[in-house]
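Read the structure below first, then the notes.
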Amino acid sequence: MSLLPAPLYERIEQSIPIACVDFVSFQSAPELRVGLIKRESPFGVVWCHLGGRILRGETVAQALRRHAADTLAVGLVLPADPQPDYVYQWFPAEIAPADGTAHGDDPRKHAIGLSFVVEMTGHPQPDNEASDFAWHAVDSLPADIWPGTEHLIHQLLGRGHSS
Numbered sequence: 009m010s011l012l013p014a015p016l017y018e019r020i021e022q023s024i025p026i027a028c029v030d031f032v033s034f035q036s037a038p039e040l041r042v043g044l045i046k047r048e049s050p051f052g053v054v055w056c057h058l059g060g061r062i063l064r065g066e067t068v069a070q071a072l073r074r075h076a077a078d079t080l081a082v083g084l085v086l087p088a089d090p091q092p093d094y095v096y097q098w099f100p101a102e103i104a105p106a107d108g109t110a111h112g113d114d115p116r117k118h119a120i121g122l123s124f125v126v127e128m129t130g131h132p133q134p135d136n137e138a139s140d141f142a143w144h145a146v147d148s149l150p151a152d153i154w155p156g157t158e159h160l161i162h163q164l165l166g167r168g169h170s171s
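Under our numbering, the first residue of the sequence shown carries the number 9, and numbering increases by one thereafter.
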């Protein structure tokens, strides 16, 4: 699986939706908490769920595992063919839907996020895009969170993954 040169990938991002995996891990005791990374973004340094694009030739499970390993040096407990808990779209403001469709904000691209609640194995060690990792109570998420991440978390945890 080869990576595209940055200028070509930026051109592709401006032309078509990008298939991505988005995921959060959670703990239910002593309260419902989600694991988020702190990272640089178009919105400054913010807390965010994990994920990223799916590479050509990569399965959804492989993409989830790659992003978990590259970002936090952790493994994930997954079935052979994981199916998303939710599908969430991300849009630049200039093409965002105005019809009430829930969506996240991403000025770089239109992305279709196959979104998952996952169980992590190992101890998170932030690397690459992640400058930090922390568990956050779902009812008091940080104010400096990527626009759309809070909605995604509530959609994911509202689908049978609450304490």
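A virtual CB, placed ideally from N, CA and C, is assigned to each residue, including glycine.
#1: According to DSSP, simplified to helix, strand and coil, what is VAL82?
#2: Which value, in whole angstroms, describes the spacing of the CA atoms of PRO90 and VAL68?
#3: If you follow the alpha helix (DSSP H) that THR129 is in, where does it begin and where does it stop?
#4: Taking the alpha-carbon of PRO92 as reference, which of ILE120, PRO105, ASP107, GLY112 has the nearest alpha-carbon?
#5: Measure the C-alpha to C-alpha separation of GLU66 and LEU12 and round it to an integer number of angstroms.
#6: What is the DSSP secondary structure of SER171, reduced to helix, strand or coil?
#7: Please report how far the alpha carbon of SER171 lies from the alpha carbon of TYR94, in whole angstroms.
#8: Report back the beta-carbon spacing between LEU84 and GLU127 to the nearest angstrom; my notes put them in contact at under 8 Å.
#9: Write down the C-beta distance between LEU63 and LEU86 rounded to the nearest angstrom, noting that I regard them as a contact closer than 8 Å.
#10: So, helix, strand or coil for ALA142, using DSSP?
#11: With 16 as the cutoff for other CB atoms within 10 Å, does PRO132 come out buried or exposed?
#12: Taking the runs of the alpha helix (DSSP H) that are 4 residues or longer, which of them lie wholly in the region 38-99?
#13: May I ask you to report which of helix, strand or coil DSSP gives ASP113?
#14: Quick test of your reading: GLU39 and ALA151, contact by CB under 8 Å. State the CB separation rounded to the nearest angstrom.
#15: For PRO134 and LEU80, which I take to be in contact (beta-carbon distance under 8 Å), what is that distance rounded to the nearest angstrom?
#16: If you check the beta carbons only, do PRO175 and HIS118 fall under 8 Å apart?
#17: Pull up the distance between the alpha-carbon of GLY166 and that of HIS159, whole angstroms please.
Inspection of the coordinates gives the following:
#1: Position 74 of the sequence shown holds residue 82. Coil at VAL82, not helix or strand.
#2: The residue you call residue 90 lines up with position 82 of the sequence shown. The residue you call residue 68 lines up with position 60 of the sequence shown. In a straight line, the C-alpha of PRO90 is about 7 Å away from that of VAL68.
#3: If you number the sequence shown from 1, residue 129 lands on position 121. Here THR129 belongs to no alpha helix (DSSP H); instead the beta strand (DSSP E) covers 119-129.
#4: Sequence index remark: in the sequence shown, residue 92 carries index 84 (1-based). For the residues ILE120, PRO105, ASP107, GLY112, the minimum Cα distance to PRO92 belongs to ILE120.
#5: Within the sequence shown, the letter at position 58 stands for residue 66. Within the sequence shown, the letter at position 4 stands for residue 12. Computed Cα separation, rounded: 15 Å.
#6: By 1-based counting over the sequence shown, the position of residue 171 is 163. Low confidence applies to SER171: its pLDDT is 40, below 50, so where it sits in the model is not reliable, and the reading given next is rough at best. Residue state, collapsed to three classes: coil.
#7: Position 163 of the sequence shown holds residue 171. Position 86 of the sequence shown holds residue 94. Because the pLDDT of SER171 is 40, which lies under 50, any placement of that residue in the model is unreliable, and the number read from its coordinates should be weighed accordingly. The straight-line gap from Cα to Cα measures roughly 18 Å.
#8: By 1-based counting over the sequence shown, the position of residue 84 is 76. By 1-based counting over the sequence shown, the position of residue 127 is 119. That belief holds up - the Cβ atoms of LEU84 and GLU127 are roughly 7 Å apart, short of 8 Å.
#9: Translated into positions along the sequence shown, residue 63 becomes position 55. Translated into positions along the sequence shown, residue 86 becomes position 78. Not quite, the Cβ-Cβ distance comes to about 17 Å (not below 8 Å), so this is no contact.
#10: On the sequence shown, position 134 is the one that residue 142 refers to. It is a strand residue.
#11: On the sequence shown, residue 132 is found 124 positions in, with the first residue counted as 1. Buried is the call here.
#12: 68-80
#13: Position 105 of the sequence shown holds residue 113. Note: ASP113 maps to strand in three-state DSSP.
#14: Residue numbering aside, residue 39 sits at position 31 when the sequence shown is read from its first letter. Residue numbering aside, residue 151 sits at position 143 when the sequence shown is read from its first letter. With a Cβ gap of about 19 Å, GLU39 and ALA151 do not count as contacting.
#15: Looking up residue 134 in the sequence shown gives position 126. Looking up residue 80 in the sequence shown gives position 72. Yes, they are in contact, since the Cβ atoms of PRO134 and LEU80 sit about 6 Å apart, within 8 Å.
#16: Nothing about residue 175 can be read from this structure; the chain reaches only from 9 to 171.
#17: Mapped onto the sequence shown, residue 166 falls at position 158. Mapped onto the sequence shown, residue 159 falls at position 151. Near 10 Å, if we compare the C-alpha coordinates of HIS159 and GLY166.
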